[in-house]
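In terms of this note's numbering, the numbers along the sequence shown are unbroken and rise by one, the last being 366. Here a beta-carbon is modelled for each residue, glycine too, at the ideal position from N, C-alpha and C. For clarity, every value in this text was computed on a predicted model and none was experimentally measured. I have placed the structure first, in the form of structure tokens, so that the comments after it can refer back to it.
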Amino acid sequence: MPRKTQTKRILPGEVYFAQVPGPSRKRTPTPYCYRMTYRATEKQPCGCVCLWDVMGGRDIYQVALEREGNGGLHWHCTCADAAYRGEKRPHACKHVRALQTMGRPLSETR
Ligand SMILES: [Zn+2]
Numbered sequence: 257m258p259r260k261t262q263t264k265r266i267l268p269g270e271v272y273f274a275q276v277p278g279p280s281r282k283r284t285p286t287p288y289c290y291r292m293t294y295r296a297t298e299k300q301p302c303g304c305v306c307l308w309d310v311m312g313g314r315d316i317y318q319v320a321l322e323r324e325g326n327g328g329l330h331w332h333c334t335c336a337d338a339a340y341r342g343e344k345r346p347h348a349c350k351h352v353r354a355l356q357t358m359g360r361p362l363s364e365t366r
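See the structure below:
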């Protein structure tokens, strides 16, 4: 098996579960599943660090964590809430907040 072609492989899906206010009007806490689909293999000065698929709501969303040039971290989500409210000011939708409170999945970024 040639090993040198394996430097940028996508890790096999790491899965997290979190209680997130559900899509119904009552916002009943609902188990959402976060599956990591991408994780940067090396520390990079900027660019995408991690990607997750979020399942459990009305749709499947994608959450991305991006490292900015100044070293800050910026979260993106494809849900309507993030698109609508996060456009002009920093806003973390419920999907991002749940992921942030799940601990520090970025231990390798130091
Ligand atoms: Zn969202």
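For Arg291, there is no enclosing alpha helix (DSSP H); the residue is found in the beta strand (DSSP E) stretching over 285-295. By the beta-carbon neighbour count (other beta carbons within 10 angstroms, threshold 16), Gly312 is buried. When secondary structure is reduced to three states using DSSP, Arg281 falls in the coil class, being assigned neither helix nor strand. Distance from the C-beta of Ala320 to the nearest heavy atom of ligand 1 is not below 7 angstroms.
The C-beta separation of Ala274 from Tyr294 comes to about 19 angstroms, leaving the pair out of contact by the 8 angstroms criterion.
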